[in-house]
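*Asks:* Quick one: structure below, then a few questions.
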Amino acid sequence: MPPRRPAAQCVRYMAAFWFIILLVSFFSGFASATNGETTSTSNPKPTYITSLPGLDGALPSLLETGYVTVDEENGAELFYYFVESEGDPGRDPVLLWLTGGHRCSVLSGLVFEIGPVELVREPYDGISLPRLRRNPNSWTKVASILFVDSPVGAGFSFSRDPNGYDVGDVSASLQLIEFLYKWFSAHEDYLANPFYLGGGSYAAKLVPFITQKISEGIEAGVRPIINLKGYTVGNPLTGDSIDFDSRVPYCHGVGVISDQLYKTIMDNCHGKGYSNPRTFICAKAMSKFNELFDEISAPHILHNKCIAVSPGPSDVSRRKILNEEVDLLQNPPPRPPIECIEYPHYLLYFWVNNNATRETLGIKKGTVNEWVRCHQGDLPYDEDIVNGIEYHLPHHVAADGPKPEIVGLALIPLECAQALALIPLVGLKPGDVGPTERKFCYTPKASSSGDHDAVLPFLSTQAWVRSLSDHIVDDWRAWHLDGQSAGFTMTYGNNVTFATVKVKAHIFLFPLCIVYYRFQPKLALYMPVSFREILQIKDV
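Here the sequence shown stands for residues -33 to -1, 1 to 507, where the numbers follow mature numbering (1 follows the signal peptide of the UniProt record, and there is no 0).
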C-alpha cells in the first residue's frame, strides 16, 4: 500500500482541485455566454439501451451507459450505468449509487440490490447465457439512478496509463465529484431534480466526504450547481476500530464463542488491539476467536457457509463457456452450490463477459478484457480517510452555506431474496419532523433473539451513532408496523435515532445509516411509510 498522504498535502490537494474546478466553471460559463452553447466533454456519445441480453422483453425504462474522463494526464475514465426513473424522470430524484468492497463493480448494486433487473437463479450449463428478469422492488420505480464503477479499475472503469490506478479515498472521491460536474453538464435536464448520494459498505465511508465537498462547491458557486438534497449509506464502514472490534461481544452474545474465551479476551486484550494483540495471552485468545469466527457465515450466521465467488488474478480455476470466449476468461470464480446466496454472483461473471452483453453495454474494446466483480488487492489504493464518522457531523457542512436538515430514512427491506426493497416516496411537511437535524440508523433484525450479521455487527453502528450524542431523549422502545413490533429504537440528543428492523433471511444483512440533507423546506423527501412511527407521525 502506498504511504499515507500527510494531512497538509491533502489540504493542498483539495484546494488545488477546487481552484481548477472554479477556473473550468468560469471559462465554461464564458463560452456558453458568448456562443450560446454548452461545453461538451471529450468522451464519445453514450449508449442508449432498451433491452439486455438474457432479458425477455424490454427494460422498464431507458438505460444509458458511457464513460467520463476524470484524469486527463493518465487517461482514466469512469464507466457508468444511468437508469431513468420508471415514474417521472423529469421530476423524480437522481441518486448516485456506489458499491463498496475491494474495487467491486457497481453492477453488484444494479443487479443484486436496487436496479431494474436481477439474475434468474438456475443451474448454469456453461454454454447458454444466464437469464435476467425484472426486479419488482427496483428503486428505479421512484428515482433515476446513476451507478458508477469507482474507483478507477472497478468494473469497466479503466486507465490507459497504469499510474491512473494509483488512487485513494480522497483522490477517488474528488474524481467522482469531477465525474458529477461533467455528467450533469452533459445532462442539464436533470440539474433541477433533487440529487442524492448513496453507497454501501466501504463506499459508505466516502459518501459523507463527497457530500461535504459538493456542499462546499455549491457555496463557492461552482457550476453546474447540483441540486444536492442528501445522502444515504448502507452497511456503513467508518474506518473506526469499532467496526470490527464489536465482533467479539457480538459473537459472545449469539453463542459463537464461550464465556471462558470471552472473559480471557476481555481480561487480556482490554477492549482493544484485537487485530494487533499486544500480549501473548491476548494473541492466543484472538487466534482461537478467529478460528471459531471462520466457522460461520459472517454475513448471516444462520446461513450455510459458501465458497468465495469474487475472483481475483490469482484464481486459476477454469470453466468453459461460449466457445468463442474461452480464451478471454482467465479468472472465472469457483462454482458455489445453487442454494448459496452468492450463486448469482457466479452467474453474473459469465453474463457480463459474454460478447453480446459487452457490445450492448458499449464497452470500449481493448480497455477491460475480463470483467471481475471485485478485485483482490492487485491494484494500489490508499485508505487516506482514516475515520469517516466525523463527516457525519453537521459542522462539516460549509459554515456559510445552507444548513442541512436530516429528515428521513430509507432502505427498508421487503421479503425479496436477492434485492433491496422498493422505497415508497411520500411528502413530508416541514412540521412533521421539526427544525433540527434528524439522523436515523438501523440494523436489520432477523428475529427477536438478535441480529444475525457478524461482518459489521449492529453493536458497531450503535456505538458510533451513540458517539454523536450520548444524551437520551426517548428511551429504548418498540416501533410498530401493522400493529406488530417491527423493531426497537432509541433517540439521543440532537435528534439522533438508532433503530433495529426485523427482516427475513437473505435480505440486506448489515447495519444501515440513512441521512438526508434538506436545503429547501417545502421539498418532498424520501420517507419509507414504515418509519413514520419512528418519526412519531403515526403508527402504520
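We treat Cβ as the ideally placed atom computed from N, Cα and C, and that holds for glycine.
Please read these numbers as outputs of a predicted model, since none were measured by experiment.
1. Let me know the secondary structure DSSP gives F425 once reduced to three states.
2. Taking C-alpha atoms, which residue in Y241, R302, L296 lies nearest to V335?
3. L30 by DSSP, collapsed to three states: which one?
4. Under 9 Å between the Cβ atoms of L99 and Y47?
5. Under 8 Å: do the segment 341 to 359 and the segment 196 to 207 share three or more Cβ pairs, one atom per stretch?
6. Since W318 and P27 should fall inside the 8 Å C-beta cutoff, what is the C-beta to C-beta distance between them, to a whole number of angstroms?
7. Just verifying my parser: in three-state terms, what is the DSSP assignment at H438?
8. Terminal residues of the continuous alpha helix (DSSP H) containing G220?
9. Measuring CB to CB, does S264 end up less than 9 Å from N271?
10. When the distance is taken between beta carbons, is K172 closer than 9 Å to D136?
11. Between which two residues does the beta strand (DSSP E) containing G166 stretch?
12. Can you tell me where the alpha helix (DSSP H) with Y313 in it begins and where it stops?
13. Can you tell me whether D55 is helix, strand or coil according to DSSP?
14. Would you please state the rounded distance, in angstroms, between the beta carbons of V78 and E89? I believe it to be under 8 Å.
15. CA-CA distance, Y163 and K251?
16. Determine the burial state of E53: buried for a count of at least 16 other Cβ atoms within 10 Å of its Cβ, exposed for fewer.
17. Output the boundary residues of the beta strand (DSSP E) element that contains G454.
18. Quick one: using the 10 Å Cβ neighbour count with 16 as the cut-off for buried, is Q451 buried or exposed?
19. Report, in whole angstroms, the separation of the C-beta atoms of S111 and P191, which I expect to be a contact under 8 Å.
20. Could you please give the first and the last residue of the uninterrupted beta strand (DSSP E) stretch that includes I112?
21. What would DSSP say about F125, mapped onto helix, strand or coil?
22. Quickly, what does DSSP pair D38 with across the bridge? List them, please.
23. Less than 8 Å between the CB atoms is what I'm expecting for N160 and R58, so what's the real figure, rounded?
24. Under a three-way DSSP split, which group does R433 fall into?
25. Considering just the uninterrupted stretch of the beta strand (DSSP E) at L228, what are its terminal residues?
26. Mark D234 as exposed unless 16 or more other C-beta atoms lie within 10 angstroms of its C-beta, in which case mark it buried.
27. Looking at the secondary structure, which residues open and close the beta strand (DSSP E) in which R101 lies?
28. Give me, in chain order, the residues of the same chain whose beta-carbon lies closer than 8 Å to that of G368; leave out the 5 immediate sequence neighbours on both sides.
29. I'd like to check one pair, G167 with G76: are the Cβ atoms closer than 9 Å?
30. Tell me the rounded alpha-carbon separation between L314 and I439.
31. How many Å lie between R433 and R444 at the Cα?
32. Under 8 Å Cβ to Cβ from L147, same chain only, skipping five residues before and after it: list those, please.
33. Alpha carbon to alpha carbon, what distance is there between I352 and S152?
34. D349 bridges to which residues according to DSSP?
35. According to DSSP, simplified to helix, strand and coil, what is R245?
36. In terms of residues, what are the limits of the alpha helix (DSSP H) holding L173?
*Replies:* With the structure as the only source:
1. Looking at F425 - three-state DSSP - the assignment turns out to be helix.
2. Nearest of Y241, R302, L296 to V335, Cα basis: L296.
3. Residue state, collapsed to three classes: strand.
4. No, the pair does not count as a contact, with Cβ atoms beyond the cut-off.
5. The segment 341 to 359 vs the segment 196 to 207: in contact.
6. Not confirmed; about 19 Å, so no contact.
7. H438: coil per DSSP, three-state reduction.
8. First-last of the alpha helix (DSSP H) with G220: 214 to 220.
9. Going by beta carbons, S264 and N271 fall inside the 9 Å limit.
10. Less than 9 Å divides the Cβ of D136 from the Cβ of K172.
11. Judged by DSSP secondary structure, G166 falls within the beta strand (DSSP E) whose first and last residues are 162 to 167.
12. Residues 310 to 319.
13. Coil.
14. The Cβ separation is near 15 Å, so there is no contact.
15. If I take the Cα positions, the gap works out to 46 Å.
16. E53 is buried by the Cβ-count criterion.
17. If you look at G454, you'll find it in the beta strand (DSSP E) that goes 451 to 459.
18. Looking at its Cβ environment, which holds fewer than 16 other Cβ atoms inside 10 Å, Q451 is exposed.
19. Between S111 and P191 the beta-carbon gap is near 16 Å, outside 8 Å, which marks them as no contact.
20. DSSP places I112 in the uninterrupted beta strand (DSSP E) bounded by 111 to 115.
21. Correct three-state label for F125: strand.
22. When beta bridges are read from the DSSP output, D38 appears opposite A43.
23. Between N160 and R58 a beta carbon distance of about 7 Å is seen, short of the 8 Å cut, so the two are scored as contacting.
24. Secondary structure at R433: helix, using DSSP grouped into helix, strand and coil.
25. Careful: L228 lies outside any beta strand (DSSP E), inside the alpha helix (DSSP H) at 226 to 236.
26. Under this definition D234 is an exposed residue.
27. DSSP places R101 inside the beta strand (DSSP E), whose first and last residues are 99 to 101.
28. Legend: pLDDT at G368 = 46, less than 50; position of this residue unreliable, value from coordinates given subsequently. The residues are S182, E183, I185, E186.
29. Between G76 and G167, the C-beta spacing is below 9 Å.
30. C-alpha separation (whole angstroms): 47 Å.
31. Their Cα atoms are separated by approximately 16 Å.
32. Same-chain partners within the cutoff: L63, I181, I193.
33. A straight-line Cα-Cα distance of about 28 Å links S152 and I352.
34. Beta-bridge pairing links D349 to G135.
35. Residue state for R245 is assigned as coil, using DSSP reduced to three classes.
36. 170 to 187 is the extent of the alpha helix (DSSP H) around L173.
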